[in-house]
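Peer 1: Under our numbering, the first residue of the sequence shown carries the number 368, and numbering increases by one thereafter. All C-beta atoms, glycine included, are put in the ideal place defined by N, C-alpha and C. The structure follows.
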Amino acid sequence: MAAEKKQIQEEYYPDTAIGELFTKHREEGPVKKFIQACAHVYAVVATVFNPDTIVVGGGVPEMEDFPREAFEREVNAHTGRDVMAYGFNYIYSQKYDGKGVIGAVLFAERQMGRMKRAV
């Protein structure tokens, strides 16, 4: 995702710093198409695995003004109907140094523990 985002920035918005891409251009075609492409990946995973919760994280979703609502709408629109009959929650990871696969697992475990206590 990061390489594609950089390519969009260089091709369409060379005068905009990469960190301001969503802040300044979130409603424009190339950025909307990029969000749709990102959402498609999550929709495929949701359709295959039928999760209760999706953890969204990484460099792109953690950027300033990442359009979460548009992203979620796109994921929901392209996830299989049988999965959407039940739906799922979105949890966004926070920026911190302990990232990666191990960090994602630890984060998910903590969030699932909180959800179980809330129920």
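Would you say the stretch 436-444 touches the stretch 466-480, given that touching needs at least three Cβ pairs under 8 Å?
Peer 2: no
Peer 1: Is it right to say residue 469 is buried, meaning 16 or more other beta carbons lie within 10 angstroms of its own, or is it exposed?
Peer 2: As a position in the sequence shown, residue 469 is number 102, starting the count at 1. Classification for residue 469: exposed.
Peer 1: So what does residue 423 bridge to, in DSSP terms?
Peer 2: Position 56 of the sequence shown, counted from the first residue, corresponds to residue 423. The partner list for residue 423 (beta bridge, DSSP) reads 459.
Peer 1: Quick one: what's got a C-beta closer than 6 Å to residue 398's C-beta in the same chain, skipping five residues either side?
Peer 2: The residue labelled residue 398 in the question sits at position 31 within the sequence shown. Taking C-beta separations shorter than 6 Å and ignoring five residues to either side along the sequence, the partners of residue 398 in its chain run 392, following chain order.
Peer 1: Hey, would you say residue 443 sits closer than 8 Å to residue 419, going by beta carbons?
Peer 2: Against the sequence shown, residue 443 aligns to sequence position 76. Against the sequence shown, residue 419 aligns to sequence position 52. No, the Cβ-Cβ distance between residue 443 and residue 419 is not below 8 Å.
Peer 1: Among 446, 385, 431 and 480, which one has its Cα closest to the Cα of residue 406?
Peer 2: As a first step, residue 406 is located in the sequence shown; it is residue number 39 there, counting from the start. Of the listed residues, the one whose Cα sits closest to residue 406 is 446.
Peer 1: Which residue marks the beginning of the alpha helix (DSSP H) containing residue 397, and which one marks its end?
Peer 2: By 1-based counting over the sequence shown, the position of residue 397 is 30. Taken as a continuous stretch (DSSP letters only), the alpha helix (DSSP H) holding residue 397 covers 396-416.
Peer 1: Thinking C-alpha only, which one of 480, 453, 448 and 433 is nearest residue 495?
Peer 2: Since the first residue shown for the chain is 368 and the last is 486, residue 495 is missing from the structure and cannot be characterised.
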